[in-house]
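Quick mapping for you: the protein sequence lines, in order, are chains A and B. With the numbering used here as the guide, the letters of the first sequence map in order to residues 1 to 215. With the numbering used here as the guide, the letters of the second sequence map in order to residues 1 to 215. For each residue, glycine too, the CB sits at the ideal point set by N, CA and C. Accompanying notes for the structure given below.
Number of protein chains: 2
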Amino acid sequence: MRVFQDAGLYLVVSPGRLSCERTAAEIVIAALKGGCRLIQLREKRLPIPDLVRLAREIRGLTMERGALLIIDDRIDVALAVEADGVHLGQDDFPVSDARRLAPDLIIGASSHSEAEALEAQRQGASYVNIGPLFHTTTKGWAGEFLGLDGLRRIAPKLSIPFTVMGGIKQSHIASLAEAGARTLAVVTAVTSAPDPEQATREFISALRAALQARQ
Amino acid sequence: MRVFQDAGLYLVVSPGRLSCERTAAEIVIAALKGGCRLIQLREKRLPIPDLVRLAREIRGLTMERGALLIIDDRIDVALAVEADGVHLGQDDFPVSDARRLAPDLIIGASSHSEAEALEAQRQGASYVNIGPLFHTTTKGWAGEFLGLDGLRRIAPKLSIPFTVMGGIKQSHIASLAEAGARTLAVVTAVTSAPDPEQATREFISALRAALQARQ
Numbered sequence: 001m002r003v004f005q006d007a008g009l010y011l012v013v014s015p016g017r018l019s020c021e022r023t024a025a026e027i028v029i030a031a032l033k034g035g036c037r038l039i040q041l042r043e044k045r046l047p048i049p050d051l052v053r054l055a056r057e058i059r060g061l062t063m064e065r066g067a068l069l070i071i072d073d074r075i076d077v078a079l080a081v082e083a084d085g086v087h088l089g090q091d092d093f094p095v096s097d098a099r100r101l102a103p104d105l106i107i108g109a110s111s112h113s114e115a116e117a118l119e120a121q122r123q124g125a126s127y128v129n130i131g132p133l134f135h136t137t138t139k140g141w142a143g144e145f146l147g148l149d150g151l152r153r154i155a156p157k158l159s160i161p162f163t164v165m166g167g168i169k170q171s172h173i174a175s176l177a178e179a180g181a182r183t184l185a186v187v188t189a190v191t192s193a194p195d196p197e198q199a200t201r202e203f204i205s206a207l208r209a210a211l212q213a214r215q
Numbered sequence: 001m002r003v004f005q006d007a008g009l010y011l012v013v014s015p016g017r018l019s020c021e022r023t024a025a026e027i028v029i030a031a032l033k034g035g036c037r038l039i040q041l042r043e044k045r046l047p048i049p050d051l052v053r054l055a056r057e058i059r060g061l062t063m064e065r066g067a068l069l070i071i072d073d074r075i076d077v078a079l080a081v082e083a084d085g086v087h088l089g090q091d092d093f094p095v096s097d098a099r100r101l102a103p104d105l106i107i108g109a110s111s112h113s114e115a116e117a118l119e120a121q122r123q124g125a126s127y128v129n130i131g132p133l134f135h136t137t138t139k140g141w142a143g144e145f146l147g148l149d150g151l152r153r154i155a156p157k158l159s160i161p162f163t164v165m166g167g168i169k170q171s172h173i174a175s176l177a178e179a180g181a182r183t184l185a186v187v188t189a190v191t192s193a194p195d196p197e198q199a200t201r202e203f204i205s206a207l208r209a210a211l212q213a214r215q
């Protein structure tokens with residue numbers, strides 16, 4: 001879990017359109033080279049045998065570089081490929097069931113409100129993601145965007161690490177650091193960047209600089 | 001696994017249109033009363049928290065009546081609700097991975113050809129389903145229907161139990177028994193029947209009569 005305490009980037013990678021047709025492995029290799037140590041594989045449309053194959057490939061890459069791999073949604077896939085953890089949305093497995101089933105996995109949970117974040121913590125989540133903070137087109141989202149105010153309200157109530165997500169761009173980094181965020185989860189800011197390795201490096205150094213300036 | 005050797009009915013239950021809007025629990029209660037001892041819950045559209053809740057309810061009902069419960073596709077759900085097994089389609093988890101992950105579960109596999117059936121057996125499946133045998137509208141199916149000839153060709157090559165599926169009606173029972181089938185998997189023959197309990201009872205007694213006549 002140390003990687004959730006370090007200032008860093010949490011890259012959520014999906015094959016397909018969000019990656020400008022680059023493969024998940026290409027994106028992951030670039031992000032790892034850029035210094036990312038926390039990768040989530042999120043792919044809901046792939047047939048499971050293909051997902052298992054892809055997850056194994058990404059597991060190999062992340063292992064070589066000492067990065068954590070979190071699998072979205074499927075606890076069975078996470079266990080099968082020996083990933084470090086699983087990330088659960090509000091429509092995925094209940095956190096308490098996941099915790100019983102896989103006591104040794106990192107279990108992350110998406111939360112869209114203070115109530116959801118505290119409930120995930122209560123059920124045994126290892127970390128929660130708070131979001132979406134800002135407008136994003138990555139996921140259709142009909143709810144409210146939490147914004148910096150939402151983050152400032154929720155973050156102090158949590159005793160477990162948290163990540164933040166949703167429309168995060170480099171221009172947000174200073175204010176996110178100010179609001180207490182240490183781990184920024186992004187999709188397109190890296191996967192759709194002209195140079196994902198460079199984008200990763202810039203994000204991480206900007207975040208570290210902002211956190212140092214805050215101390 | 002004894003229940004796969006007994007002459008019997010394997011009911012695959014899905015909530016929704018195939019059940020004439022009756023709930024899965026209503027169908028399962030009726031089938032259990034009618035003598036069914038083998039239930040599969042197949043529901044791919046339900047959000048996972050709802051699927052877990054439903055699977056727990058069906059687990060309680062099947063436990064009370066000494067029936068086996070098999071969950072379609074999701075090994076994590078099967079483990080979480082303490083089901084007896086999981087059923088894997090060709091687009092679900094690879095059987096060998098499932099076997100490593102859950103050594104104590106009954107693992108069933110769908111097979112649409114001799115090659116798939118033998119491969120599932122090789123990978124450690126507890127049973128295979130052979131199908132679809134006959135025309136069915138339950139699933140869109142673009143491949144060939146195996147028919148009795150397909151069953152007669154595949155069944156003798158298997159050393160593990162098998163079930164048969166796809167468009168099975170009471171009128172097929174004598175010829176299926178003749179071809180070596182002992183466990184008939186059905187969806188709508190029970191779930192869409194005017195009286196699911198009665199339909200279950202009739203299926204099972206017709207199958208047993210046909211198998212006795214064959215001895």
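Between the C-alpha atoms of residue 53(A) and residue 130(B), what's the straight-line distance to the nearest angstrom? 26 Å
Unbroken beta strand (DSSP E) run spanning residue 186(A), endpoints: 183 to 186
Look up residue 77(A) in the DSSP assignment and say whether it is helix, strand or coil. helix
Could you tell me which of 143(B), 55(B), 101(B), 161(B) sits nearest to residue 133(B), measuring between CA atoms? 143(B)
Starting from the Cα of residue 23(A), find the closest Cα among 9(A), 58(A), 38(A), 37(A) and give me that residue. 58(A)
Can you give me the start and stop residues for the beta strand (DSSP E) that residue 163(A) sits inside? 162 to 165
Spatial neighbours of residue 28(A) within its chain, please: CB distance less than 8 Å, with the 5 preceding and 5 following residues excluded, ordered by chain position. 11, 13, 39, 58, 61, 62
Of the choices 56(A), 117(A), 7(A), whose alpha-carbon is the least far from that of residue 71(A)? 56(A)
Do residue 92(B) and residue 73(B) have their beta-carbon atoms positioned less than 8 Å apart in this structure? yes
Within chain A, partners of residue 99(B) - CB distance below 7 Å: Those do not exist, as residue 99(B) stays about 11 Å from chain A at its closest Cβ, beyond 7 Å.
Could you work out which residue in 114(A), 189(A), 123(A) is closest to residue 168(A) when comparing CA atoms only? 189(A)
Give the range of the alpha helix (DSSP H) segment to which residue 29(A) is assigned. 24 to 33
Thinking C-beta only, is residue 113(B) closer than 8 Å to residue 148(B)? no
Residue interval of the alpha helix (DSSP H) (run including residue 198(B)): 196 to 214
Between residue 76(B) and residue 76(A), is the Cβ-Cβ spacing less than 8 Å? yes
I'd like to know if residue 106(A) contacts chain B, where contact means its C-beta is closer than 8 Å to some C-beta of that chain. no
DSSP beta-bridge partners for residue 110(A)? 129(A)
Would you kindly work out how many angstroms separate the C-alpha atoms of residue 47(A) and residue 41(A), rounded to a whole number? 14 Å
For residue 9(B), which residues does DSSP report across the bridge? 184(B)
So, helix, strand or coil for residue 170(B), using DSSP? helix
Excluding five sequence neighbours on each side, which residues of the same chain lie with their C-beta closer than 7 Å to the C-beta of residue 153(A)? 114
Minimum Cβ-Cβ distance from residue 69(A) to chain B less than 8 Å: no
Please name the residues in the segment 38 to 72 of chain B whose beta-carbon is closer than 7 Å to at least one beta-carbon of chain A, in chain order. 47, 48, 49, 52
Using three-state DSSP, classify residue 220(A) as helix, strand or coil. A query on residue 220(A) cannot be resolved here, the shown segment of chain A reaching from 1 to 215 and no further.
CB contact below 8 Å: residue 15(A) versus chain D: Annotation note: the requested chain D is absent from the structure, which comprises protein chains A and B.
Let's test the definition: count the other Cβ atoms within 10 Å of the Cβ of residue 37(B) and tell me whether it reaches 16, buried, or not, exposed. buried
Could you round the C-beta distance between residue 88(B) and residue 95(B) to whole angstroms and report it? I think they count as a contact, below 8 Å. 6 Å
Check the Cβ of residue 80(A) against every Cβ in chain B and list those closer than 9 Å, keeping chain order. 75, 93, 94, 97, 98, 100, 101
Let me know the secondary structure DSSP gives residue 72(B) once reduced to three states. strand
Tell me residue 39(A)'s beta-bridge partners as DSSP assigns them. 11(A), 69(A)
Under 8 Å, do residue 201(B) and residue 8(B) count as touching if we go by C-beta distance? no
If distances are taken between C-alpha atoms only, which option among 120(A), 6(A), 102(A), 111(A) comes closest to residue 67(A)? 6(A)
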